[in-house]
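*Asks:* One structure, as structure tokens, below. Some questions next.
In the working numbering, the protein residues as written are 3 to 185.
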């Protein structure tokens, strides 16, 4: 199967982008609604774990019973297979370039590398969808979609918030980090 471009994949995912944007935003908002005294006690790792749990629950609720979406759990790795655009999604907290910060499990490494995973039909495109926070880790910056390729990120696209969209324009922006060239 030939590689699809960022534009081809994002256009195929168009009907799902609002869902994933809302999943990420709602999960972060739910976390930020915790008692302020409790928030002070939670470190960055706990924040990511709590937000992830809210994202998974929101995705399960939102996609429950939808015929084109199949939730799968592969040795502890929770993913959603979207049949029509032929992509498989995992949810994560990311940096501005689309990379997740935590130490990846064996299953996450296999997912990012595009290796075969049990019960996952081949060859859907592997994508990571998640959220990016500001430097303080408290303010939601954007929802984004990244295409991992092993330890690197092939591309990253930001989902434009509904209130910032312009008619006739795509609802995503390519935010892939550009390599620097030495002079």
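Beta carbons are placed, not taken as given, at the ideal position from N, Cα and C, and that holds for glycine.
Assuming contact is defined by CB atoms lying nearer than 7 angstroms, are residue 174 and residue 12 in contact in what I supplied?
*Replies:* Cβ distance < 7 angstroms, so residue 174 and residue 12 count as in contact.
*Asks:* Across the segment 37–50 and the segment 149–156, are there enough close Cβ pairs to call them in contact, namely three or more that are closer than 8 angstroms?
*Replies:* The segment 37–50, when compared against the segment 149–156, does not touch it at the 8 angstroms Cβ threshold.
*Asks:* Select from 97, 128, 180 the residue whose C-alpha is nearest the C-alpha of residue 144.
*Replies:* Nearest of 97, 128, 180 to residue 144, Cα basis: 97.
*Asks:* Give me the residue from 128, 136, 86 with the minimum Cα distance to residue 69.
*Replies:* Ranking 128, 136, 86 by Cα distance to residue 69 puts 86 first.
*Asks:* Pick from 5, 20, 31, 102: whose alpha carbon is nearest that of residue 161?
*Replies:* Here the closest residue by C-alpha is 20.
*Asks:* Over the uninterrupted beta strand (DSSP E) stretch that includes residue 89, give me the two end residues.
*Replies:* Per DSSP, residue 89 belongs to the beta strand (DSSP E) from 89–95.
*Asks:* Nearest by alpha-carbon distance to residue 93: which of 55, 65, 7 is it?
*Replies:* Ranking the options by Cα distance to residue 93, first place goes to 55.
*Asks:* Buried or exposed, going by whether 16 or more other CB atoms sit within 10 Å of the CB of residue 180?
*Replies:* It is exposed - the Cβ of residue 180 has fewer than 16 other Cβ atoms within 10 Å.
*Asks:* Am I right that residue 89 and residue 127 are in contact with their C-beta atoms under 8 angstroms? What's the rounded C-beta distance?
*Replies:* 5 angstroms between Cβ atoms; contact.
*Asks:* Whole angstroms is fine: what's the gap from residue 34's alpha carbon to residue 9's?
*Replies:* Cα to Cα, the separation comes out at about 33 angstroms.
*Asks:* In terms of alpha-carbon separation, which member of 138, 99, 134 lies closest to residue 177?
*Replies:* The option with the nearest alpha carbon to residue 177 is 99.
*Asks:* If you count every other CB in all the chains shown that lies within 10 Å of the CB of residue 17, and 16 or more means buried, which is it?
*Replies:* Classification of residue 17: exposed, given that the 10 Å Cβ count is below 16.
*Asks:* For residue 145, which beta-bridge partners are listed by DSSP?
*Replies:* Answer is 133, 161, bridged to residue 145.
*Asks:* Since residue 171 and residue 133 should fall inside the 8 angstroms C-beta cutoff, what is the C-beta to C-beta distance between them, to a whole number of angstroms?
*Replies:* Their Cβ separation, rounded to whole angstroms, is 22 angstroms, which puts residue 171 and residue 133 out of contact at 8 angstroms.
*Asks:* Quick check on the DSSP output: the beta strand (DSSP E) that includes residue 75 runs from which residue to which?
*Replies:* It spans 71–76 - the beta strand (DSSP E) in which residue 75 sits, taken as one unbroken run.
*Asks:* Would you identify the three-state DSSP class for residue 18, choosing helix, strand or coil?
*Replies:* In this structure, residue 18 counts as helix in the three-state DSSP scheme.
*Asks:* On the premise that residue 102 lies in contact with residue 138, defined as a C-beta separation below 8 angstroms, what is that separation, rounded to the nearest angstrom?
*Replies:* About 19 angstroms; that fails the 8 angstroms criterion.
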